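Below you'll find the structure, written out as structure tokens, and then a few comments.
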Amino acid sequence: MPSTVRPFRLTAGDHVRLVSPASTPTPEGVADCVRFLEGLGLRATVGEHALDAHGYLAGTDGHRLADLNDALRDPDVTAVVATRGGRGAYRIADGLDFAAAARHPKLVVGFSEITILLLALWNRCGIPGIHGAVPAADTSSFLSALFTTDGVTVRRRADEPTGALTTTGRASGVLLGGNQDMVATAAGWALPRLDGAILLLEGHGMGLGQIDRQLTMLTNAGRLDGVRAVAVGQYTDCGPAQGGWTAVDVLRDRLGRLGVPILGGLPIGHGTRPVTVPVGTHATLDADAGELVVGSAVL
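Take 105 as the starting number for the sequence shown in the working numbering and just add one per residue.
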């Protein structure tokens, strides 16, 4: 694994750039992001092409990449926030200015499709990221992850269906992953080695066969070899059930074969009240206690 290069934590007055590396946000959505960030005492600016539309993408690949790299290169920008996920970040992830990112390490904040960018930055530069949305549904975890060095503790929720996956055991390692679709997409080019890591998975809008196929591919390709534990977040709008199986049954069938501690029921992903969590930093998963303790991504 690469050496960790932590960005500085945010403080009041810091400059945050909003970009759209994937699909087009609504103007109202961008305005909500700006209001949320400014309400925290930050200075928010919007990338030139953040509201562009090119099919289902927020502008051409070149324009989306230009906005992202401009933010990574600008020494005045402390953090980069994705306006939304959607589709298309995987088309530009290999074009990131990794040299600039390493010279001026900064937080990149996003989830879902943005997982591919967080994985690429960790794989090439060792820079941790922030898995979460803006505006944040859980302001407390957002503030802790971006403004402090305290890290974030995520506890299993009884009302999350993936809680049924929880086994026993405890493990520590670097927390890597995020959206399952993007973890699978990254295999072979942007996915870091996962041996010694805790794998984080969440999913949205996936069919049961897609969940099965991707996890089977990752296993057969050896990409899950050496994983120490699996943290499972929210799998929303995945289904419908087939043959009596739900998404949870497919996850149990595939992940259970790894023989490592599994902690499900974590409020991470596309569901209700998701928390913000650092990725690419040290974490401890305690399935018996029902909690994932994630270290700080920042200095």
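Here a beta-carbon is modelled for each residue, glycine too, at the ideal position from N, C-alpha and C.
Keep in mind the model is a prediction, meaning the values are calculated, not measured.
- Residue 304 and residue 277 do not touch by the CB rule: their CB atoms are close to 11 Å apart, not below 8 Å.
- DSSP places residue 293 in the coil class of the three-state scheme, outside both helix and strand.
- If you keep only unbroken alpha helix (DSSP H) runs of at least 4 residues inside the segment 317-359, you get 351-359.
- The Cβ atoms of residue 113 and residue 253 sit closer than 8 Å to each other.
- Counting along the chain, residue 306 sits inside the beta strand (DSSP E) bounded by residues 301-308.
- Secondary structure note for residue 204: its alpha helix (DSSP H) is the uninterrupted segment 202-207.
- DSSP places residue 147 inside the beta strand (DSSP E), whose first and last residues are 147-150.
- Within the segment 245-286, the runs of beta strand (DSSP E) at least 3 residues long that lie entirely inside it are, in chain order, 256-259, 274-283.
- Nearest Cα to residue 235 within the set 318, 125, 245, 215: 215.
- Here the alpha carbons of residue 117 and residue 233 stand approximately 20 Å from one another.
- Under DSSP, no beta-bridge partner is assigned to residue 138.
- In this structure, residue 208 lies away from residue 239, with their beta-carbon atoms at least 8 Å apart.
- Under the DSSP assignment, residue 224 falls in the alpha helix (DSSP H) whose first and last residues are 219-229.
- In this structure, the alpha-carbon of residue 119 lies about 14 Å from that of residue 213.
- By the criterion of at least three beta-carbon pairs nearer than 8 Å, the segment 298-316 is in contact with the segment 361-375.
- Residues 307, 308, 309, 373, 374, 375 of the same chain have their beta carbon placed closer than 8 Å to that of residue 340, with the five preceding and five following residues left out of the count.
- According to the DSSP assignment, residue 168 belongs to the alpha helix (DSSP H) that extends over 165-177.
- Within the same chain, 229 come within 6 Å of residue 206 by CB-CB distance, once the 5 residues on both sides are set aside.
- With respect to residue 127, residue 191 sits close: the two C-beta atoms are nearer than 8 Å.
- Looking at 370, 290, 327, 365, the one whose alpha-carbon comes closest to that of residue 224 is 290.
- Cβ-Cβ distances below 8 Å link residue 226 to 106, 232, 233, 280, 296, 383, 384 in the same chain, with the five nearest sequence neighbours on each side left out; the list follows chain order.
- Judged by beta-carbon spacing, residue 300 lies beyond the 8 Å limit of residue 368, meaning their Cβ atoms are not closer than that value.
- About 7 Å separates the Cβ atoms of residue 389 and residue 274, confirming a contact at the 8 Å cut-off.
- For residue 389, the enclosing beta strand (DSSP E) starts and ends at 386-390.
- Your pair residue 366 and residue 334 checks out as a contact, with CB atoms roughly 5 Å apart and the cut at 8 Å.
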